[in-house]
Amino acid sequence: KQEVTQIPAALSVPEGENLVLNCSFTDSAIYNLQWFRQDPGKGLTSLLLIQSSQREQTSGRLNASLDKSSGRSTLYIAASQPGDSATYLCAGYYSGGSNYKLTFGKGTLLTVNP
Amino acid sequence: ETGVTQSPTHLIKTRGQQVTLRCSSQSGHNTVSWYQQALGQGPQFIFQYYREEENGRGNFPPRFSGLQFPNYSSELNVNALELDDSALYLCASSLELSTDTQYFGPGTRLTVL
């Protein structure tokens, strides 16, 4: 069964702190892994997509890594800002025959305090 | 902005009714997927359409159905609404059947009373 788990469920940090969000997945047959941001009551904004052949991706203050052998991905946020406050979701792409579906974790609710 | 739009933004229905949710994909995107996100949970895959044909389905009953049209729009229909159908419904479009980025719309918040 394909399951994605995110730890911690919630995180509160002071502004300026570097932080790491964790994501683990049970099925190593994952293709790619994508990190999203979700603001309250809103849709999903794609942050980073890590191809299965890659080990990490970087965008600005964000860096995501993927280790398929251990079933883990991390999202590193440098110099956090209050505007980073949101729920962060990781999702793995799995093949269901001819379709590629995303299997999501429940997310980590991040609060960055000024 | 992802270029994916959904309507309506919010909807309130009563148990037993039927509802249609709409999504407009990015132009040229042949694949649309629908997800249900209950409060405090991650999105769950409902089904995917590719070039107007259903191309995979998650663990949802047949009363959840969909359509995809040639103009890159699509619909999610839910019959015989139940209280547990209350959720945020998200559509996501992508260029082809692949593991490229899926672009999500803002969602439709459905409340079933």
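Here the protein sequences come in this chain order: A and B. The numbering of the first sequence is the numbering used here, which starts it at 1 and goes up by one. The numbering of the second sequence is the numbering used here, which starts it at 1001 and goes up by one. Backbone N, C-alpha and C define an ideal beta-carbon position, used for all residues, glycine too.
Check, Outcome
"Every unbroken beta strand (DSSP E) within the stretch 1-74 of chain A, with a cutoff of 3 residues, ordered by chain", "4-7, 10-14, 19-25, 33-38, 44-50, 56-59, 62-67"
"Paired residues, beta bridge with residue 77 (chain A) - DSSP", "A:19, A:62"
"Contact with chain E by residue 68 (chain A), beta-carbon distance below 8 Å", "Considering every chain present, this structure includes no chain E. Its protein chains are A and B."
"In DSSP terms, what residue 1012 (chain B) is bridged to", "B:1111"
"Minimum Cβ-Cβ distance from residue 1101 (chain B) to chain A less than 8 Å", "yes"
"Inter-residue Cα distance where the pair is residue 1064 (chain B) and residue 79 (chain A)", "44 Å"
"Interface flag, residue 1008 (chain B) vs chain A, CB-CB below 8 Å", "no"
"For residue 1002 (chain B), the first and last residue of its enclosing beta strand (DSSP E)", "No beta strand (DSSP E) contains residue 1002 (chain B), which DSSP labels as neither H nor E."
"Minimum C-alpha distance to residue 16 (chain A) - residue among A:53, A:38, A:61", "A:61"
"Span separating the alpha-carbon of residue 81 (chain A) from that of residue 18 (chain A)", "10 Å"
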